[in-house]
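Note sheet for the following structure.
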Amino acid sequence: MITAVVVDDHPVVIAGVRAWCALADPPIDVVAAGPTVSVAWLDPGDRADVVVLDLQLDIAGPAYGDLKRLVDAGRQVVVYSMRSDRDSVLAALDIGAFTYLTKAEGEEHLVAAITAAAAGTPYTPPALAGAFGTDERPHRPRLSPREQQVLIEWFHSESKEMVARRLNLTVHRVNSCLERVRIKYANLGREAPTKAALVARALQDGLITTDEL
Amino acid sequence: MPGAVEQRLLRQGLGYALGLRIVVIGLSSAAYLALAPVPDRMVAVAVVVGFNGWSLCYAAAMLRGSRSVRRWLPLADVAAVCGACLTQSWTVTSDPRGGSTWLFVAVNLVVVTYPWQVDWRLLAGGTLTIVTAYYVGATMADPGGWLVDPSIGPWTAAEAALSWGLYRFVRRGARAADRTIARAAELRHAAAVAAARRRDEREYLAALHDTAAATLLMVGSGVVDRTEPWLVEQARRDLRELQRSEDVLHGEADLVPLLHEVADNALPQIAWRTPDSLPLPAADAVALTRGVREALTNVVRHAGTDRTEIRVDHDAERVTVQIIDRGLGFDPTRVDSQRYGVTRSLTERMIRIGGAARIQSRPGHGTTVTLSCPRAVPEVSGNDQEIIATSFQRGLRWAVVVMSLAILLFLDLPRLLSSREAYAVFWPQIVTWAGLVAVTLAVAVATWRDRPLGRWRPPLLGLVFALSALATMSVRPEYLLGAAHWSEGDAGWQVVLLMMDARIPAFVAVLAAHYLMTFGQAALAGQAALSVAGAVSATWAVLAYQLAIAMIAAVLRGMAASSAQALRAAERVRTSEAVARHLHADRTSRLSGLGAGTVPLLTGLASGELDPGDESVRRMCAAEAARMRRLIAAEDTADSLSHELRACIELAERNGVAVSFAECGDRPELPPLVRQRLIEPAIAALATARGRARLTVASTGGTVTVSVVAACPPPPPMPDGGGVRQSMTVVGDRLWIQAAWQEER
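Sequence lines, in order, name chains A and B.
Counting in the numbering used here, the first sequence runs from 904 upward without gaps.
Counting in the numbering used here, the second sequence runs from 12 upward without gaps.
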């Protein structure tokens, strides 16, 4: 059974996440939840497979420090935040978050993201795709035009089927484009145990070659 | 209360129905008098003239009369028609080979056009009374003879019912158009108000930057150490700028005196090359004037000369103002493009009014600043017109589909089954009947799925002609053009269905070709049930009805255009009123915001009460300048596209559409026309959407894309323009529309 710990200072959000997780198939066990990141470090939260972390825990600004410590400890962190601006998203990914979800995407994507995080397979929800697709920083990874296109169309659309229809691709191809982008970003980010696992696995599966990285 | 489109439809439909009645009855009665023998020519001429005269008076009274006149007058008309029916003993001849009598055509036309004139109760009662009077008159003229045909009653009643159905369908189309347009107008309205408020806000902040903030900063940084006359003058002008009342930006203003006012204050030696006067929309004139002031300030600061030339040129499309100096000049490539003064005050100020600013300079060769703005903002494509036309087209097509099916099922099928002896071979009749049903259903499916017939039209038309010829061939010659030859007129309905969106001449030509083909076949076979002259007169009633549809379609198309114009005009008035109201409120609140800090400081400086040399005054000025800078900078980060989209979303959500909105990427500043075109598809989709919708904006590599996914009918295609391209993908019942704009590099 997949286990998760939820760090969010809003009780309604915690209740919502618990409800989605209970209805998930297979179900996800929310072993602990609380308003501060300590729940993820103390028993039983410290043994959870996945940490769902709200970035904005207080008025002091995004909790990048907490995120960094969790990542360094080898935890799989799904950032779940109100913020949808590109810089916050990319900063969290650079630090080593497993994936980034805006609160607006929770209902459709949170359960799938937790499941993917537990299994260590890449997961790119639309807001994250939008941030990747419009990343114009000089050190961004090199993306193929097709990858770039898939990112933007996935950001605009409601389903992978729509993207596939619009770009005349198969859904499988859309998924593999998104995964490759995720791996390229992982390879570029900070050294972290979770990142190494993600890249190694992608190389193993033949999703991407060392040349492309 | 019917909406604007529906009201116009009812008014035009009435005029059109009355016109059709006058023309068709007039022609058919005149033809009848000329061609057919009548029992008493004198009486017949008197009745025909009298009846047509009554029709004319009746039509005039219905179109001009008051509501109560329009209510009781149809009763008089029913009486007049009944009276004419009772004169059949003198005015018509019982001749089975002569086709329909003019009175039969008249009764048909009257009943068919009634739905546009009376409500359904009077329609039913009137039809019943007229048919009864017709039978009474026919029995008196020809007891038990051909005139007293028992099928006339049901046929007339059926026609009345079908015509009423047609009327209801078209009216429903008008209502749907009204609803859609109202929602789209509301969204556009919200966007326009938001845009205007924002434009005004930015204009105001830019002005603040150039005036009050600059003055206070100067004092705060200790540039002036005592009360100078020019500082007093500057402070006074800044105060005037802050309190500038809103009427400045409405109506027209003359650019030339405005330019003189700012320029003569700034520089002593200016060579003017301008027209004597140039009235412009006030907002444009003010924006150009402020641009010129900024450019002149730069001349004073950097050019090292006090000689400048100002040129104003204009044509029908653009106004151009040039500020030319022969001073030091500079290398434009080496100026930091983010420097506030140059970028924002000149370039963005011009972009806001849809214009442009260009700075040309070379070290040692002076500088030329060119400001230009368009004289009229181009109209966006006529989306409303498309909405109305589509709505009508659908309504009309559904009506004709239902009518054709009703005719095939309830009139033709019984007729062909009951006259088997009339056919040499029976199966072609069944094949033709089934084929025509199939064609009708094909059109129904196309209408339902909202697809144009396109390239399917010619083969389908060919099929109808072939089926019709087949059916005619299998009728025994002596029954041709008679009741058993049902396909003669009724196959015309499928022609009508297929040709509905064609122009009237094409429509008439194809329909006529169909009739001529059938008549030709009958003439070749000889011994028809009717003489050809009789057949022509028998064809009147059906043909007139079919042509009526063509004309309704054409009238509706024309109406769509004029209705859309009227609606847009009304919307503009409403919007500009709302904008004025909001702007006034915004300005009042902004001024009260500055009231505590800026205004007292400037007032003190202007009156000389505050000494710029005083340390505490300096500190207050520096703090206030910093506060204003923050205000201006904060304003800089938000942008108007999402601002306007959010206004639309808010409204759509009030209409029960759940919109999820997301944006990503850095957007360049968009010219107003581009913004408008990018938003228009989203407005069209949100206005008609049901359930939930996803609205997103992405900007990357100089491309800005506004995308909307929703369950909605496809919006009318927008011609590409302003560099904005529209594309659409359909996935199940979800429509995905994108409008994209690529920045020129």
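Think of the CB as a built atom: it goes at the ideal place given N, C-alpha and C, for glycine as much as any other residue.
All values reported here derive from a predicted model rather than from experimental measurement.
_For B/Trp-283, list the residues DSSP reports as bridge partners._
Beta-bridge pairing links B/Trp-283 to B/Ile-321.
_Best match in B/Ala-95, B/Thr-285, B/Gly-176 and B/Phe-530 for proximity to B/Leu-114 [C-alpha to C-alpha]_ = Nearest option by C-alpha distance: B/Ala-95.
*May I ask which residues mark the beginning and end of the beta strand (DSSP E) holding B/Pro-7?*
This structure cannot settle anything about residue 7 of chain B, because the visible part of chain B is limited to 12 through 756.
*List, in order along the chain, the chain A residues whose C-beta lies closer than 7 Å to that of B/Gln-737?*
Per Cβ cutoff of 7 Å: no residues; B/Gln-737 is ~14 Å from chain A at best.
_Does B/Cys-93 pass the burial test, meaning 16 or more other C-beta atoms within 10 Å, or should it be called exposed?_
It counts as buried.
*Among residues of its own chain, excluding the 5 on either side of B/Ala-669, which ones have a beta-carbon nearer than 8 Å to its beta-carbon?*
The beta carbon of B/Ala-669 lies closer than 8 Å to those of Gly-702, Arg-703 and Ala-704 in the same chain, with the five residues before and after it left out.
*Starting from B/Gln-749 and walking both ways along the beta strand (DSSP E), at which residues does that stretch end?*
B/Gln-749 -> beta strand (DSSP E) spans 745-753.
*Which value, in whole angstroms, describes the spacing of the CA atoms of B/Ala-296 and B/Leu-269?*
Distance between the alpha carbons of B/Ala-296 and B/Leu-269 is about 8 Å.
*Mapping DSSP to helix, strand and coil, what is B/Leu-29?*
Three-state DSSP puts B/Leu-29 in a helix.
*Anything in chain B within Cβ reach of A/Met-985, meaning under 8 Å, just list it in chain order.*
Chain-ordered listing is empty here: chain B has no CB closer than 8 Å to the CB of A/Met-985, the nearest sitting near 13 Å.
*asked:* Is A/Gly-1009 close to chain B? Criterion is C-beta to C-beta, closer than 8 Å.
replied: Closer than 8 Å: no.
*By DSSP, does B/Gly-702 sit in helix, in strand, or in coil?*
Strand, per DSSP.
_Contact residues within the region 1055-1072 of chain A, judged by C-beta distance below 7 Å to chain B_ = Residues passing the 7 Å Cβ filter: Ile-1055, Phe-1058, His-1059, Ser-1060, Glu-1061, Glu-1064, Met-1065, Arg-1068 and Arg-1069.
*So, is the C-beta of A/Ile-917 closer than 8 Å to a C-beta in chain B?*
So, not an interface residue.
*Measuring CA to CA, which of B/Glu-755, B/Ala-722, B/Thr-614 and B/Val-717 is closest to B/Gln-749?*
Closest by alpha carbon: B/Val-717.
_Where B/Thr-711 meets chain A, residues with beta-carbon distance less than 7 Å_ = Within chain A, the residues whose beta carbon sits less than 7 Å from that of B/Thr-711 are Gly-1036, Thr-1037 and Ile-1055, listed in sequence order.
*Of all Cβ atoms in chain A, is any one closer than 8 Å to the Cβ of B/Val-92?*
No, B/Val-92 lies away from the interface with chain A (no Cβ there is under 8 Å from its Cβ).
*From B/Val-123 to B/Ala-168, what distance separates their C-alpha atoms?*
Between B/Val-123 and B/Ala-168, the C-alpha separation is close to 9 Å.
_What would DSSP say about B/Ser-710, mapped onto helix, strand or coil?_
Here B/Ser-710 sits in strand by DSSP.
*Residues of chain B with CB under 7 Å from A/Ala-1030, in chain order?*
Counting only Cβ-Cβ distances below 7 Å, A/Ala-1030 has contacts in chain B at Ala-673, in chain order.
*So which residues of chain B does A/Arg-989 contact, with C-beta pairs closer than 9 Å?*
The answer, in chain order, is Cys-675, Gly-676 and Asp-677.
_List, in chain order, every chain A residue whose beta-carbon is nearer than 8 Å to that of B/Ser-718._
His-1059 and Ser-1060, listed in chain order.
_DSSP-derived helix/strand/coil call for A/Ile-1111_ = In this structure, DSSP gives A/Ile-1111 a state outside helix and strand, which the three-state scheme calls coil.
*Between B/Gly-743 and B/Arg-688, what straight-line distance do the alpha-carbon atoms span, to the nearest angstrom?*
Computed Cα separation, rounded: 26 Å.
*asked:* Given a cut-off of 8 Å on the beta-carbon distance, is the pair B/Leu-478 and B/Ala-502 in contact?
replied: Yes; because the gap between Cβ atoms is below 8 Å, this pair is in contact.
*Give the residues of chain A in contact with B/Gln-749, contact being defined as C-beta atoms less than 8 Å apart.*
Simply His-1059.
*Of all the options A/Pro-1029, A/Arg-1040 and A/Ser-1079, which has the alpha carbon lying nearest to the alpha carbon of B/Gly-5?*
Nothing about residue 5 of chain B can be reported from this structure: the residues present for chain B run from 12 to 756 only.
*With DSSP as the reference, label B/Leu-228 as helix, strand or coil.*
Judged by DSSP in its simplified three-state form, B/Leu-228 adopts helix.
*Please name the residue, chosen from A/Ala-1067, A/Asp-946, A/Tyr-967 and A/Arg-1043, that lies closest to A/Tyr-1003 on a Cα-to-Cα basis.*
Of the candidates A/Ala-1067, A/Asp-946, A/Tyr-967 and A/Arg-1043, the residue whose Cα lies closest to the Cα of A/Tyr-1003 is A/Tyr-967.
*Beta-carbon neighbours of B/Arg-745, restricted to chain A and to distances below 8 Å*: Neighbours of B/Arg-745 on chain A, chain order: Glu-1061 and Met-1065.
*Note down, in chain order, all residues in the region 107-133 of chain B with a beta-carbon under 9 Å from any beta-carbon belonging to chain A.*
When C-beta distances to chain A are compared with 9 Å, every residue of the region 107-133 of chain B stays at or above that value.
*Identify the contact partners of B/Val-742 in chain A, using a Cβ-Cβ distance below 7 Å as the criterion.*
Under the 7 Å cutoff, chain A gives Glu-1064, Met-1065 and Arg-1068.
*asked:* Distance cutoff 8 Å, beta carbons only. Does B/Arg-705 sit that close to anything in chain A?
replied: Answer yes: the Cβ-Cβ gap between B/Arg-705 and chain A drops below 8 Å somewhere.
_At least 3 beta-carbon pairs within less than 8 Å: the region 170-186 of chain B vs the region 404-413 of chain B_ = Taking a cut-off of 8 Å for Cβ pairs, the region 170-186 of chain B and the region 404-413 of chain B touch, as three or more such pairs fall below it.
*Taking DSSP as the reference, what is the three-state secondary structure of A/His-1075?*
In the three-state reduction of the DSSP assignment, A/His-1075 falls in the helix class.
*Reference B/Leu-746, options B/Phe-62, B/Arg-686, B/Ala-636 and B/Pro-726, closest by Cα*: Looking only at B/Phe-62, B/Arg-686, B/Ala-636 and B/Pro-726, the smallest Cα-Cα distance to B/Leu-746 is reached by B/Pro-726.
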